[in-house]
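Engineer: Read in order, the letters of the sequence shown are residues 1 to 185 in the numbering used here.
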Amino acid sequence: MAYSLHDIGDEDRDRSGHWLHDKQDQRRAIVPLRLILIALLMGALLLVLMRHVLPASTTASAPSIDAPATISTRFAACDDLDGQACVLATDAYAYQGRRYHLADISAPRLEGAACPQEAALARAGRTALQGMLNGGSFEAHADPADSDPTARILLRDGVSLGQLLILKRYARPWSSKPINWCAAG
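Take a look at the structure:
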């Protein structure tokens with residue numbers, strides 16, 4: 001308010017003893033202090049409660065199984081499920097003592113093969129996967145569409161190694177239905 005703008009008689013004091021223009025300039029608290037304190041206490045209580053609900057963050061010494069990993073290790077062919085770096089089948093490998101499978105392909109089986117063609121294709125696919133894994137570093141991503149924690153999609157330069165196995169005819173796109181590897185075609 002402008003203090004110098006008044007008419008005659010405006011300088012009268014009101015009943016509280018203040019000048020009329022002083023009364024209008026007084027600042028009023030927008031939010032009462034009690035309301036602010038209650039909101040702060042409720043916020044603190046909410047943080048304490050949420051700490052028990054939210055998952056704990058992972059530490060650097062224990063990386064998450066689902067985190068993408070860059071792998072640049074030499075892989076050998078093996079039948080040891082707990083191998084450190086080896087290819088088990090066209091669609092399976094062991095790394096650091098854990099077995100993983102390629103989530104984006106269906107592959108022929110060496111054990112329990114229905115015919116000699118399926119067994120031969122399984123051996124050739126295993127050799128092809130070993131060559132791909134040894135062709136340079138690649139990323140192993142958990143498959144978000146698969147509930148199996150060992151399902152991985154392997155990528156090198158953004159290209160799926162599983163899709164390369166399909167293009168080379170060592171595997172087919174993943175299917176829940178059984179594939180007859182003995183059929184011609």
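All C-beta atoms, glycine included, are put in the ideal place defined by N, C-alpha and C.
Can you find the residues in the same chain that come closer than 6 Å, C-beta to C-beta, to L154, ignoring five residues on each side of it along the sequence?
Structural biologist: Counting from 1 along the sequence shown, the entry for residue 154 is found at position 154. If we look at L154 and ignore the five residues flanking it on each side, its Cβ neighbours are F138, A140 and L161.
Engineer: Check R156 in the structure and name its three-state DSSP category.
Structural biologist: For the purposes of this step, residue 156 is taken as residue 156 along the sequence shown, with counting starting at 1. Here R156 sits in strand by DSSP.
Engineer: Under the three-state reduction of DSSP, which class applies to A77: helix, strand or coil?
Structural biologist: If you number the sequence shown from 1, residue 77 lands on position 77. A77: strand per DSSP, three-state reduction.
Engineer: Alpha carbon to alpha carbon, how far is T127 from L47?
Structural biologist: If you number the sequence shown from 1, residue 127 lands on position 127. If you number the sequence shown from 1, residue 47 lands on position 47. Near 54 Å, if we compare the C-alpha coordinates of L47 and T127.
Engineer: In three-state terms, what does DSSP make of A62?
Structural biologist: The residue given as residue 62 occupies position 62 in the sequence shown. The pLDDT assigned to A62 is 39, lower than 50, so where the model puts this residue is not dependable; a value taken from the coordinates is nonetheless given after this. Here A62 sits in coil by DSSP.
Engineer: D148 and A76 - do their beta-carbons sit closer together than 9 Å?
Structural biologist: Looking up residue 76 in the sequence shown gives position 76. Looking up residue 148 in the sequence shown gives position 148. No, these two residues do not count as a Cβ contact at 9 Å.
Engineer: Does the beta-carbon distance from A107 to R99 come in below 9 Å?
Structural biologist: Looking up residue 107 in the sequence shown gives position 107. Looking up residue 99 in the sequence shown gives position 99. Not closer than 9 Å, so no.
Engineer: Going by the CB atoms, is the gap between A89 and C182 shorter than 9 Å?
Structural biologist: Numbered from 1 along the sequence shown, position 182 holds the residue referred to as residue 182. Numbered from 1 along the sequence shown, position 89 holds the residue referred to as residue 89. Contact flag unset, no.
Engineer: Among R169, P144 and V87, which residue has its Cα nearest to the Cα of L129?
Structural biologist: As a working mapping, residue 129 is identified with position 129 in the sequence shown. Among R169, P144 and V87, the Cα nearest to that of L129 is on V87.
Engineer: Which of helix, strand or coil does DSSP assign to I38?
Structural biologist: The sequence position of residue 38 within the sequence shown is 38, counting from 1. Residue state, collapsed to three classes: helix.
Engineer: What distance in whole Å lies between the Cβ atoms of A171 and G125, which are believed to be in contact at a cut-off of 8 Å?
Structural biologist: In the sequence shown, residue 125 corresponds to position 125, counting from 1. In the sequence shown, residue 171 corresponds to position 171, counting from 1. That belief holds up - the Cβ atoms of G125 and A171 are roughly 6 Å apart, short of 8 Å.
Engineer: If the criterion is Cβ atoms closer than 9 Å, does the pair A151 and H101 meet it?
Structural biologist: Here residue 151 is taken as the residue at index 151 of the sequence shown, counted from 1. Here residue 101 is taken as the residue at index 101 of the sequence shown, counted from 1. Contact flag set, yes.
Engineer: If you draw a straight line from the alpha carbon of L41 to that of L35, how long is it in whole angstroms?
Structural biologist: Translated into positions along the sequence shown, residue 41 becomes position 41. Translated into positions along the sequence shown, residue 35 becomes position 35. Taking the straight line joining both Cα atoms gives about 10 Å.
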